[in-house]
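For the record, the sequence lines run as chains A and B.
Mapping to my numbering: the first sequence position 36 is 36, numbers consecutive.
Mapping to my numbering: the second sequence position 56 is 136, numbers consecutive.
For each residue, glycine too, the CB sits at the ideal point set by N, CA and C.
In what follows, a structure is listed as structure tokens, so that the remarks can point back to it.
Protein chains: 2
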Amino acid sequence: MKATVYVTIKQNVLDPQGTAVQGALHSMGFGEVGSVRIGKYMELELDTSDREEAQARVKEMCEKLLANTVIEDYRFELEG
Amino acid sequence: MKATVYVTIKQNVLDPQGTAVQGALHSMGFGEVGSVRIGKYMELELDTSDREEAQARVKEMCEKLLANTVIEDYRFELEG
Numbered sequence: 001m002k003a004t005v006y007v008t009i010k011q012n013v014l015d016p017q018g019t020a021v022q023g024a025l026h027s028m029g030f031g032e033v034g035s036v037r038i039g040k041y042m043e044l045e046l047d048t049s050d051r052e053e054a055q056a057r058v059k060e061m062c063e064k065l066l067a068n069t070v071i072e073d074y075r076f077e078l079e080g
Numbered sequence: 081m082k083a084t085v086y087v088t089i090k091q092n093v094l095d096p097q098g099t100a101v102q103g104a105l106h107s108m109g110f111g112e113v114g115s116v117r118i119g120k121y122m123e124l125e126l127d128t129s130d131r132e133e134a135q136a137r138v139k140e141m142c143e144k145l146l147a148n149t150v151i152e153d154y155r156f157e158l159e160g
């Protein structure tokens, strides 16, 4: 089974990386770019076919390691 | 219009970050985790409603700044 995890910075938290990329895009002539939010995108292969178990385990992985839940939100999708 | 960009390391390129996360997950007891691939996930607000123009411009942004096309692949979705 494959889990795709998206970790993004919470809306009310400043995203310096996003701000830097926005500035760089503007300086390159891409003036139409408004806000830029940058996050992590992870693909995990899981050696299980039990969807419910995978759901609980990936949530636990996100809470414990993959996301810093103080400043980040996470969501994930399961395939297969 | 909103563009969501996914930048991932090419399949034949070593992903040390992914390997490190896999090791950490294993040491935390998540033995069912096989390979881990980590990439960037970006949300860009675009001040345009012309879909075709946005398609070309975001591609150009990816080629010039958002992805290192030597070792990374990119794809993006447009909404709105």
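Residue i to residue j, Cα distance in whole Å?
i                      : j                      : result
residue 29 of chain A  : residue 89 of chain B  : 26 angstroms
residue 5 of chain A   : residue 76 of chain A  : 4 angstroms
residue 82 of chain B  : residue 95 of chain B  : 29 angstroms
residue 145 of chain B : residue 13 of chain A  : 24 angstroms
residue 147 of chain B : residue 137 of chain B : 14 angstroms
residue 117 of chain B : residue 107 of chain B : 18 angstroms
residue 139 of chain B : residue 122 of chain B : 13 angstroms
Taking all protein chains shown into account, do 16 or more other C-beta atoms lie within 10 angstroms of the C-beta of residue i, making it buried, or fewer, making it exposed?
i                     : result
residue 23 of chain A : exposed
residue 39 of chain A : buried
residue 98 of chain B : buried
Beta carbon of residue i, beta carbon of residue j: below 8 angstroms?
i                     : j                      : result
residue 79 of chain A : residue 126 of chain B : no
residue 7 of chain A  : residue 72 of chain A  : yes
Closer than 8 angstroms, CB to CB, is residue i near chain A or not?
i                      : result
residue 114 of chain B : yes
residue 153 of chain B : no
residue 94 of chain B  : no
residue 110 of chain B : yes
residue 105 of chain B : yes
Mind checking if residue i is an interface residue toward chain B, Cβ cutoff 8 angstroms exclusive?
i                     : result
residue 48 of chain A : yes
residue 64 of chain A : yes
residue 52 of chain A : no
residue 44 of chain A : yes
residue 56 of chain A : no
residue 38 of chain A : yes
residue 8 of chain A  : yes
Indicate the three-state DSSP secondary structure (helix, strand or coil) for residue i in the structure shown.
i                      : result
residue 128 of chain B : coil
residue 33 of chain A  : strand
residue 160 of chain B : coil
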